[in-house]
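Count along the sequence shown from 1, then add 7; that gives the number in this note's numbering.
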Amino acid sequence: MEYFAGEYDVVVIGAGHAGCEAALACARMGVRTLVTAINLDSIAMMACNPSIGGPAKGNLVRELDALGGEMGINTDKTMLQVRMLNTKKGPAVRSLRAQVDKKQYQDRMKYILECQENLSIKQAEVIKINYEEGKVVSIVTHLGAVFKCKCVIVASGTYLRGKIVIGEISYDGGPNGLFPAMKLSDSLEQIGINLRRFKTGTPARIDSRTVVFEQMSEQPGDQDINTFSFLTGDIDLDQLPCYLTYTNENTHKVIRENLHRSPLYTGDIVGVGPRYCPSIETKIISFPDKEAHQIFIEPEGVFTREMYVQGMSSSLPEDVQIAMIQSIEGLKEAHITRPAYAIEYDCIDPTQLNLTLESKLLSGLYFAGQINGSSGYEEAAAQGIVAGINAALKVQNKEPLILDRSEGYIGVLIDDLVTKGTDEPYRMMTSRSEYRLVLRQDNGDLRLTQKGYDIGLVTDERYNRFIEKKRIIEKEIDRLKMRRVTSTDNVVKFLEKYQSAEIKGGISLYELLKRPEITYFNLSEIDDEFAYLSREAGEQVETQIKYEGYIKKQLSQVEQFRKLENKKLRFIDYMDIKGLSIEAQQKLNKIKPDNLGQASRISGVSPADISVLMVYIEQMRRSRRSDTIE
Ligand SMILES: Cc1cc2nc3c(=O)[nH]c(=O)nc-3n(C[C@H](O)[C@H](O)[C@H](O)COP(=O)(O)OP(=O)(O)OC[C@H]3O[C@@H](n4cnc5c(N)ncnc54)[C@H](O)[C@@H]3O)c2cc1C
8 MEYFAGEYDV VVIGAGHAGC EAALACARMG VRTLVTAINL DSIAMMACNP
58 SIGGPAKGNL VRELDALGGE MGINTDKTML QVRMLNTKKG PAVRSLRAQV
108 DKKQYQDRMK YILECQENLS IKQAEVIKIN YEEGKVVSIV THLGAVFKCK
158 CVIVASGTYL RGKIVIGEIS YDGGPNGLFP AMKLSDSLEQ IGINLRRFKT
208 GTPARIDSRT VVFEQMSEQP GDQDINTFSF LTGDIDLDQL PCYLTYTNEN
258 THKVIRENLH RSPLYTGDIV GVGPRYCPSI ETKIISFPDK EAHQIFIEPE
308 GVFTREMYVQ GMSSSLPEDV QIAMIQSIEG LKEAHITRPA YAIEYDCIDP
358 TQLNLTLESK LLSGLYFAGQ INGSSGYEEA AAQGIVAGIN AALKVQNKEP
408 LILDRSEGYI GVLIDDLVTK GTDEPYRMMT SRSEYRLVLR QDNGDLRLTQ
458 KGYDIGLVTD ERYNRFIEKK RIIEKEIDRL KMRRVTSTDN VVKFLEKYQS
508 AEIKGGISLY ELLKRPEITY FNLSEIDDEF AYLSREAGEQ VETQIKYEGY
558 IKKQLSQVEQ FRKLENKKLR FIDYMDIKGL SIEAQQKLNK IKPDNLGQAS
608 RISGVSPADI SVLMVYIEQM RRSRRSDTIE
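Set out below in structure tokens:
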């Protein structure tokens, strides 16, 4: 029996990593929002690895933070260990990765939602989305509650028609023993949304009292603590270590002898899995000559003995899991607290969405997170904030926010999903971006804070810090350009100390800093007006000076890119355009690209088709102008 339960501007279905960011963005932009979850104790649950960040994922978190999101701050408040990865490589691929206390992460995020003005949270399974005349009008929960609303954001993760598979056993289920969502898929299909099956898997958890850590190598965190949020600043952290061990021939033998019981190979699993997070059985099959695979034993939290067995994701039967884990050095007596499992779930084809993450089929219907075919907390959160922002802007009748590929990894992520689609869970990687040197993790705030402020999500406190940091960096770069040193004794000693070539006559500190062996903070030894900027700002000054040439080159490529991005494509029936290939006509009518740049990235649309389109746009522009002149 349905009953009217209330009215909101936006209803967010799901309080996972996508749903939390979407709900907070809407509420912080002043829009009345309801966020639902099947179980409120699973808000922001980390169903898989207890870590945030890593290559490209760290960039997403920093960008989301700059826009006014919560994941970065929440990670800084609940991290157990932190490491800057790829420090020996260039700034374009350096990335932060933190081990996080899962329970504290969830508890703090739940509390942030509970304290947020304009936001209500509700434990309920949404089973239906109602619409009229092509617009969303309300949702219905499993208890018959009808909530009227202008927008709905579906952020249902891995729950839709969730199926757990462990060896020969499978059953309807959500992650971590939670209920699945078995009804919403029907409602989405009824709207006309195409669904497909993806799968992902997680490794077992083990009891740390049964692990012999002495037989493993300890992996400590960094001395210098970096943080994700540009608001956090320096923190002290009593870090917990991770541990490294390896599989061996016995492990591989156990797996090979039981492959006939693996649902991956018996066909019980039909969903497509993540290429870059393969199960251990897939690794053994794909790399038969590899003698050992790395296994990291990671803490899940301060107040738990459970540890995560990174690298052993699997869906083999539990008895096989025990044998394979107990074949590993340091784990011979390990007790499995939670078995590894695979989960199959419904997700949508994201090419059914616009760059705003709104459905092309139904106005006011948005999708974010794993439901869009991505994989990972960071990818989900990044989509969540964009869907939330755009639902709020729609309610406020304002222009939507579209981040393009040159503005952030968030732009790359969404463009890849909605323009190219994905046939397997999509994971962000630095190689997916054409502009890695511009989209570094260290300058996320300089790239995106202004946008977050303009749409009303970034607070004055964050904005003022950004403006001040920007001013300080620009002022210091100008100062270094003007400040010159000559080969005084002090400077000569300095250059010898850093094995840097001698100077003839004078040189600006700006030019000196271009030398790879000299760091910004070294300059304090020869510059009595040294500004002693914060580590973050100093890092900015150094990177912008050292990579000036490369950054300039990439920015000119961005300019070229933007020329095509700014050529908007509106209300075109591509079947009418002669000269386009039939494949291009069909693909363009399906994707309905926002602009010429997006059109050029659709597979099957050739450069020849783009030339035809450019001519067509020009003809249209001229005919419109002649119409207005008449
Ligand atoms: C077993 C497993 C293994 C994973 N392995 C990896 C991995 O190896 N690498 C990786 O990068 N990522 C992995 N992930 C993915 C990672 O957990 C997700 O990417 C991330 O959690 C997605 O966030 P999300 O917000 O889209 O969805 P989720 O975090 O799944 O949250 C979905 C939310 O929607 C709610 N919900 C669902 N349906 C309804 C409904 N009808 N009504 C109301 N509420 C609803 C749920 O209660 C929940 O709050 C794994 C996930 C699982 C479950």
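Using N, Cα and C, we set each Cβ at its ideal position, and we do this for glycine too.
For residue i, which residues of its own chain have a beta-carbon under 6 Å away from its beta-carbon, when the five flanking residues on both sides are left out?
i    : result
E637 : At E637 the pLDDT is 47, less than 50, meaning the model places this residue with poor confidence and gives no usable figure here.
T638 : Given that the chain is displayed from residue 8 to residue 637, the structure contains no residue 638 and the question cannot be resolved.
S413 : Y442, V565 and F568
H149 : E132 and I134
F473 : D452 and T456
V277 : R204
Q605 : T426
E642 : Because the chain in this structure spans residues 8 to 637, residue 642 falls outside the shown range and cannot be described.
N596 : Y581
Once you ignore the five residues that flank residue i on each side, which residues in its own chain have a CB closer than 8 Å to its CB?
i    : result
A51  : A22, G23, H24, C27, N81, Y112, Q113, M116 and K117
N257 : S334
I624 : K574, L576 and L603
Give the range of the alpha helix (DSSP H) segment to which residue i is assigned.
i    : result
V419 : Y416 to D422
I396 : Y384 to V402
S515 : No alpha helix (DSSP H) contains S515, which is instead part of the beta strand (DSSP E) from G513 to S515.
C156 : Unbroken run through C156: none, as it is neither H nor E.
G451 : G451 to D461
D241 : D241 -> no alpha helix (DSSP H), and no H or E assigned at all.
S293 : I287 to S293
N257 : E256 to E264
Got a sec, what are the start and stop residues for the beta strand (DSSP E) residue i sits in?
i    : result
D353 : Y348 to I355
S224 : S224 to Q226
A330 : Element bounds for A330: not the beta strand (DSSP E) but the alpha helix (DSSP H), E325 to I332.
I13  : At residue 13 the sequence reads Gly, which differs from the Ile that was named. Looking at the DSSP string, the run of the beta strand (DSSP E) that includes G13 is Y10 to E14.
K206 : L202 to T209
P306 : Q301 to P306
If residue i sits next to residue j, beta carbons under 8 Å apart, how far is it from one beta carbon to the other, in whole angstroms?
i    : j    : result
I378 : I171 : Rounded, the Cβ-Cβ distance is 18 Å, inconsistent with contact.
V18  : I146 : 5 Å
A491 : S515 : Residue identity check: residue 491 is Arg in the sequence provided, not Ala. Going by Cβ atoms, the distance from R491 to S515 rounds to 5 Å, so yes, they are a contact pair.
R312 : E175 : In fact, because the Cβ distance is near 30 Å, the residues do not count as touching under 8 Å.
D353 : S177 : Their Cβ separation, rounded to whole angstroms, is 15 Å, which puts D353 and S177 out of contact at 8 Å.
I128 : L47  : 6 Å
V86  : Q106 : Checking the sequence, you will find Met at residue 86 rather than Val. Indeed they touch by this definition, with Cβ atoms about 7 Å apart.
A299 : T363 : Going by Cβ atoms, the distance from A299 to T363 rounds to 46 Å, so no, they are not a contact pair.
G408 : K367 : It should be pointed out that residue 408 corresponds to Leu in this sequence rather than to Gly. With a Cβ gap of about 18 Å, L408 and K367 do not count as contacting.
C249 : Q230 : Not really, about 16 Å apart at Cβ, beyond 8 Å.
L382 : T207 : Before going on, a small fix: residue 382 reads as Ser here, not Leu. S382 to T207, Cβ: 6 Å. Contact.
A99  : A394 : The pair is not a contact, with the Cβ atoms about 28 Å apart (cut-off 8 Å).
Beta-carbon within less than 7 Å of residue i's beta-carbon, same chain only, minus the 5 sequence neighbours each way: which residues are those?
i    : result
I598 : T358, T426 and I609
G415 : E70, L446, R454 and L455
Y272 : L266
G228 : Q88, V89, R90 and Q246
R329 : The sequence shown places Ile at residue 329, not Arg. These residues qualify, in order along the chain: I343.
Taking the alpha carbon of residue i as the point to measure from, which residue in the options has its own alpha carbon closest?
i    : options                   : result
I242 : L251, P248, Y250 and I232 : I232
A398 : G371, L420, G415 and I176 : G371
L587 : A615, I276, Y433 and M435 : A615
D461 : I45, A73 and M53          : A73
Y15  : M8, L41, L185 and K476    : L41
K504 : E139, L195, I533 and K521 : I533
T429 : R104, V279 and K458       : V279
S322 : P270, A330 and Q301       : P270
A641 : I173, P600 and R282       : No answer is possible for residue 641: it lies beyond the span of the chain, which begins at 8 and ends at 637.
T437 : E431, L424, D449 and V419 : V419
Y315 : R434, V143 and L251       : L251
P210 : E406, E336 and I302       : I302
A389 : G376, F186 and M621       : G376
R216 : P306, S286, T289 and E225 : P306
A152 : F11, I417 and F537        : F11
T165 : I392, E9, A44 and T94     : A44
K290 : V161, K260 and T94        : K260
V612 : M627, K594, D296 and R628 : K594
P432 : G391, T466, D356 and Q448 : D356
State yes or no: is the beta carbon of residue i nearer than 7 Å to at least one beta carbon in chain B?
i    : result
E340 : The structure shown contains no chain B, having only a single protein chain.
Mind listing, in chain order, the continuous alpha helix (DSSP H) runs of no fewer than 4 residues lying wholly within the region 28–98? 64–73 and 78–85
Minimum length 3: unbroken beta strand (DSSP E) runs contained in the region 567–613: none
Which ranges would you report for the beta strand (DSSP E) in the region 460–538 if only whole runs of at least 3 residues count? 491–493 and 513–515
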